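Participant: First the structure, which I've put down as structure tokens, then a few questions once you've had a look.
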Amino acid sequence: MATILPNTALESVPVAPVETPWRRFVTDFMASPLAIVGLIMLVAIIAIALVAPLISPQNPYDLNQLDILDGNLKPGSKAGPGYTFWLGSDDQGRDMLSGIFYGLRISLGVGVMSSVLALALGLSVGLLAAYTGGRVEGFLMRVVDIQLSFPAILVALILLAVLGEGTWKVIAALVTVQWAYYARTVRGTALVERRKEYIEAALCLGLSHRRVMFRHLLPNCLPPLIVVATVQVAHAIALEATLSFLGIGLPITSPSLGLLIANGFEYLLSGKYWISFFPGVALLLTIVSINLVGDQLRDVLNPRLQK
Amino acid sequence: MTVFIIRRLMQTAVVLAVMSLLVFVGVFAIGDPTAILVSPDSDQIERDRAIAALGLDKPLWEQYLYFLYGAFRGDLGKSFVFNMPALQLIMQRLPATLELAFAALVIALVAGIPLGMYAGYRPESPVSKTIMAGSILGFSLPTFWVGLMMIMVFAVQLGWLPSTGRGQVGTIFGITTSLVTLDGLAHVLLPAVNLALLKLSLVCRLARAGMRENLLMDYVKFARAKGLSARRVVLVHVFKNILIPLVTVTGLELGNLIAFSVVTETVFAWPGMGKLIIDSINNLDRPVIVAYLLVTVSMFVFINLAVDILYSILDPRVRLAEAKG
């Protein structure tokens, strides 16, 4: 039994941490070891993508640094300029490791960019539908339903077949594929939130519709949206890689992971596996880590599962 | 029921009309229609003749009607590359794609349902946990890369299975398919498994969720109280109820599999319509692109319609709600 002396009271009594929503969120999230692994992997991948030019042994797109004699080397071979091709080299003598670092930049960039744009579009449509109701809502949601009844890859294929090639066209196709998911999620949540008393209270105070919509309704619709957004970034990255692999995605000037894999396709049959294998592993790790984080976020942010 | 089907048919008609308009606007109004519909090798006189023949000098709404008229007669232009009607070309390739999608669906269901049911029946066992962890991986694996790796392992390194083409085809009930010859089956195995992996996790998760929900239901308690064996309760009573969500998803996923076969067909050089569209995009063979878009969109609209109707037959609650609303 500890007796509390008046003069030491302040130091000896442990201060209970204040239970803020953020702290609770962090504790809940950290409850799953798998999610922590996913988060660490994801942070590492993002860091690599951000500083790729600084940590890559070679700039794979600077022709002065390439030597065709170093082409198609096995993983671990020594290169002419004095460094090692840890993951081998491709037919042009590019270091695969550097190629992957640069590819991650492009893949992540396109994935995140398209998701952010789709989020903005879907959010506006969903909020508008839920807030106005009636015919506008019926029409918007029918459009969402119809679009979601077509597979993402088909929609992207149609758009790119009609629009042609180019980075912005790929992003446009990815936005078109994704926005409906956001719109549906936002509308579903907003419909529930709309009926709650705080909205009524805000309207009674005479606040403008716009203010109620963006300052009151929107923040409360965010949690499920964050979950959808994580999953959608993973989808977007996978879809972009697929489209680029098929040769209808990003142009050769933006060598994403999908293009690197496609590039190694022809060498695969002669046993040179590394050109396709390692970029694929990088792609897989990226998608798995995002999905692991997304899975845990869904559990943590799901109000039905909250204790 | 009739009201329900009529409503759905009307919605289908609207979707088709909107889609044809979108394809029309995409190909004819945004792009340069002469570049799309007249072979780039043709000279100025040929070009002018084609413009007149295609009615491209007429106002846009008239062109749209003309386009619809052609589409209804199944006349969507000639492929520049194969020099045969685009629609006929696609219909020739369709069976190979359907066969692949069908084989993949069967594999996904036959493997996925038992795995998922087991994982739902014993959620805490290590085997179930492995199945669920595997299903996250299944969601994350990029199909085309898995296909490449399968070729590398089974075709290049082990040399067990062929990696390209459809193999020998046989005829059964008047349908030409590679599912009836041994060589054909060997060819279909890798691409079908590759395509199936995509849906395996989904089927597995659905079966698991259905199992867990249904085990808590009163009818299960009742069946057990009646003294039925655990085996019969699970394999007959629960199984039937798990099928409802699975049928819907299977229908929708069949469409998805057909769409995704674009990827698998490209990887395994499977001569289906997915490979055809990619080749056509790369060759700028635009009549084929337009025909492909119209055919797949109509196919999807009808698959969705069939699923809706099937669903309303399986689950009376849907059709009642719809008839009231």
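Protein sequences appear in the order of chains A and B. Number 12 in numbering that gives the first Met the number 0 belongs to position 13 of the first sequence; there are no gaps in the numbering. Number 198 in numbering that gives the first Met the number 0 belongs to position 199 of the second sequence; there are no gaps in the numbering. The beta carbon of each residue, even a glycine, is placed where N, CA and C say it ideally should be. As the structure is a computational prediction, the values presented were derived from the model and not from experiment.
To the nearest angstrom, report how far apart Leu202(A) and Leu190(A) are at their CA atoms.
Facilitator: What you label residue 202(A) is simply residue 203 of the first sequence in a count that begins at 1. What you label residue 190(A) is simply residue 191 of the first sequence in a count that begins at 1. Distance between the alpha carbons of Leu202(A) and Leu190(A): 16 Å.
Participant: Please tell me whether Ser78(B) and Leu93(B) are closer than 9 Å, where the distance is taken between their beta carbons.
Facilitator: The sequence position of residue 78(B) within the second sequence is 79, counting from 1. The sequence position of residue 93(B) within the second sequence is 94, counting from 1. Contact: no.
Participant: Apart from the five residues just before and just after Gly254(B), which ones in its own chain have a Cβ nearer than 6 Å to its Cβ?
Facilitator: Sequence index remark: in the second sequence, residue 254(B) carries index 255 (1-based). Once the five neighbours on either side are set aside, the close Cβ partners of Gly254(B) are Phe299 and Ile302.
Participant: In its own chain, which residues sit with a C-beta less than 6 Å from the C-beta of Leu282(A), not counting the 5 before and 5 after it?
Facilitator: Working through the first sequence from its first residue, we reach residue 282(A) at position 283. Excluding positions up to five away in sequence, the list reads Ala240 and Leu256.
Participant: Which residues in the same chain have their Cβ closer than 8 Å to the Cβ of Ala160(A), if we skip the five residues on either side of it in sequence?
Facilitator: Position 161 of the first sequence, counted from the first residue, corresponds to residue 160(A). Here the set comprises Ile247.
Participant: Run the CB neighbour count on Asp61(A), radius 10 Å, all protein chains shown included, and call it buried at 16 or more, exposed below.
Facilitator: As a first step, residue 61(A) must be located in the first sequence, where it is residue number 62. Label assigned to Asp61(A): exposed.
Participant: Out of Thr19(A), Leu259(A) and Leu107(A), state which residue places its alpha-carbon closest to the alpha-carbon of Asp90(A).
Facilitator: Here residue 90(A) corresponds to residue number 91 of the first sequence, with the count starting at 1. It is Leu259(A) whose Cα lies nearest to the Cα of Asp90(A).
Participant: Using a Cβ-Cβ cut-off of less than 9 Å, list which residues of the segment 131-162 of chain B approach chain A; keep chain order.
Facilitator: Residues Ala132, Ile135, Leu136, Phe138, Ser139, Leu140, Pro141, Thr142, Phe143, Trp144, Val145, Leu147, Met148, Ile150, Met151, Ala154, Val155, Gln156 and Ser162.
Participant: Could you say which of Ser269(A), Leu296(A) and Gly279(A) lies nearest to Pro141(B) if we only look at CA atoms?
Facilitator: Taking the second sequence and counting its residues from 1, one reaches residue 141(B) at position 142. Checking every option, the nearest Cα to that of Pro141(B) belongs to Gly279(A).
Participant: In terms of alpha-carbon separation, which member of Gly263(A), Tyr197(A) and Val230(A) lies closest to His215(A)?
Facilitator: In the first sequence, the residue the question calls residue 215(A) occupies position 216. That would be Tyr197(A), whose Cα lies nearest to the Cα of His215(A).
Participant: Give a yes or no on whether 9 Å exceeds the smallest Cβ distance from Asn282(B) to chain A.
Facilitator: Within the second sequence, the letter at position 283 stands for residue 282(B). Not one chain A Cβ lies under 9 Å of Asn282(B).
Participant: What residue does the alpha helix (DSSP H) around Ile251(A) start on, and which one ends it?
Facilitator: Looking up residue 251(A) in the first sequence gives position 252. Counting along the chain, Ile251(A) falls outside any alpha helix (DSSP H), and DSSP gives it neither H nor E.
Participant: Taking the continuous alpha helix (DSSP H) assigned at Phe238(B), which residues delimit it?
Facilitator: Numbered from its first residue, the second sequence carries residue 238(B) at position 239. It spans Phe238 to Phe267 - the alpha helix (DSSP H) in which Phe238(B) sits, taken as one unbroken run.
Participant: Just to confirm, are Ile157(A) and Val296(B) a CB contact at a threshold of 9 Å?
Facilitator: As a working note, residue 157(A) is residue 158 in the first sequence. As a working note, residue 296(B) is residue 297 in the second sequence. Result yes, Cβ atoms of Ile157(A) and Val296(B) sit closer than 9 Å.
Participant: According to DSSP, simplified to helix, strand and coil, what is Pro161(B)?
Facilitator: Counting from one through the second sequence, the residue named residue 161(B) turns up at place 162. Looking at Pro161(B) - three-state DSSP - the assignment turns out to be coil, as it is neither helix nor strand.
Participant: Apart from the five residues just before and just after Thr7(A), which ones in its own chain have a Cβ nearer than 7 Å to its Cβ?
Facilitator: For the purposes of this step, residue 7(A) is taken as residue 8 along the first sequence, with counting starting at 1. Its pLDDT being 49, under 50, Thr7(A) is placed unreliably by the model, and nothing is read from it.
Participant: Is Ser253(A) close to chain B? Criterion is C-beta to C-beta, closer than 9 Å.
Facilitator: Reading the first sequence from its first residue, position 254 is the one you call residue 253(A). Ser253(A) does not count as touching chain B.
Participant: So is Thr247(B) in contact with chain A if we call contact Cβ pairs under 9 Å?
Facilitator: Walking along the second sequence from the start, residue 247(B) turns up at place 248. Not an interface residue.
Participant: Against chain B, with Cβ distances strictly below 9 Å, would Tyr272(A) count as a contact?
Facilitator: As a first step, residue 272(A) must be located in the first sequence, where it is residue number 273. Yes, because at least one Cβ of chain B sits closer than 9 Å to the Cβ of Tyr272(A).
Participant: Would you say Val191(A) faces chain B, with C-beta separation under 9 Å as the test?
Facilitator: Numbered from 1 along the first sequence, position 192 holds the residue referred to as residue 191(A). False, the Cβ-Cβ gap to chain B never drops below 9 Å.
Participant: Strictly under 9 Å for the Cβ-Cβ distance: is Leu292(B) near chain A by that measure?
Facilitator: By one-based count along the second sequence, residue 292(B) stands at place 293. Leu292(B) counts as touching chain A.
Participant: For the ligand ZN, is there a heavy atom less than 8 Å away from the beta-carbon of Leu267(A)?
Facilitator: What this structure holds is no ligand at all, so the ligand ZN is not there to describe.
Participant: Strictly below 9 Å CB to CB, what residues from chain A border Phe66(B)?
Facilitator: The residue given as residue 66(B) occupies position 67 in the second sequence. Chain A residues near Phe66(B): none, gap ~14 Å exceeds 9 Å.
Participant: Using DSSP with H/G/I as helix, E/B as strand and the rest coil, what is Phe101(B)?
Facilitator: In the second sequence, counting from the first residue as 1, residue 101(B) sits at position 102. The answer is helix: DSSP assigns Phe101(B) an H, G or I state.
Participant: List, in chain order, every chain B residue whose beta-carbon is nearer than 8 Å to that of Gly279(A).
Facilitator: The residue you call residue 279(A) lines up with position 280 of the first sequence. The answer, in chain order, is Pro141, Trp144, Leu147 and Met148.
Participant: In whole angstroms, give me the CA-to-CA distance for Ala100(B) and Pro56(A).
Facilitator: Residue mapping note: residue 100(B) aligns to position 101 of the second sequence, counting from 1. Residue mapping note: residue 56(A) aligns to position 57 of the first sequence, counting from 1. Looking at the two C-alpha atoms, the distance is approximately 44 Å.
Participant: Roughly how many angstroms separate the alpha carbons of Gly87(A) and Lys73(A), rounded to a whole number?
Facilitator: On the first sequence, residue 87(A) is found 88 positions in, with the first residue counted as 1. On the first sequence, residue 73(A) is found 74 positions in, with the first residue counted as 1. If you take the alpha carbons of Gly87(A) and Lys73(A), they lie about 5 Å apart.
Participant: What residues in its chain sit with their C-beta under 6 Å from that of Leu147(A), if we drop five residues either side in the sequence?
Facilitator: Here residue 147(A) refers to the residue found at position 148 when the first sequence is read from its first residue. For Leu147(A), where only same-chain residues beyond five positions count, the Cβ hits under 6 Å are Ala179.
Participant: Using only alpha-carbon positions, find the residue among Glu18(A), Gln177(A) and Leu245(A) that is nearest to Ile276(B).
Facilitator: Along the second sequence, one-based indexing puts residue 276(B) at 277. Among Glu18(A), Gln177(A) and Leu245(A), the Cα nearest to that of Ile276(B) belongs to Leu245(A).
Participant: With a 10 Å radius around its C-beta and 16 neighbouring C-beta atoms as the bar for buried, classify Leu238(A) as buried or exposed.
Facilitator: Indexing the first sequence from 1 puts residue 238(A) at position 239. When all chains shown are included, Leu238(A) counts as buried.
Participant: Can you check whether the C-beta of Ile198(A) is within less than 9 Å of a C-beta belonging to chain B?
Facilitator: Locating residue 198(A) in the first sequence gives position 199, where the first residue counts as 1. No, its Cβ sits nowhere closer than 9 Å to a Cβ of chain B.
Participant: Measuring only the C-alpha atoms, how far is Leu309(B) from Pro250(A)?
Facilitator: Looking up residue 309(B) in the second sequence gives position 310. Looking up residue 250(A) in the first sequence gives position 251. Each residue's alpha carbon lies about 43 Å from the other.
Participant: Quick check on Ala119(A): buried or exposed, where buried means 16 or more other Cβ atoms within 10 Å of its Cβ?
Facilitator: By one-based count along the first sequence, residue 119(A) stands at place 120. By the 10 Å Cβ count, Ala119(A) comes out exposed.
Participant: So Phe138(A) contacts chain B; which residues on that side make the cut at Cβ distance below 9 Å?
Facilitator: Counting from 1 along the first sequence, the entry for residue 138(A) is found at position 139. Within 9 Å Cβ-Cβ: nothing; Phe138(A) doesn't reach chain B, min ~12 Å.
Participant: Tell me the residue span of the alpha helix (DSSP H) that contains Ser243(A).
Facilitator: On the first sequence, residue 243(A) is found 244 positions in, with the first residue counted as 1. Note, Ser243(A): alpha helix (DSSP H), Leu217 to Leu245.
Participant: Alpha carbon to alpha carbon, how far is Arg46(B) from Val266(B)?
Facilitator: Within the second sequence, the letter at position 47 stands for residue 46(B). Within the second sequence, the letter at position 267 stands for residue 266(B). Distance between the alpha carbons of Arg46(B) and Val266(B): 37 Å.
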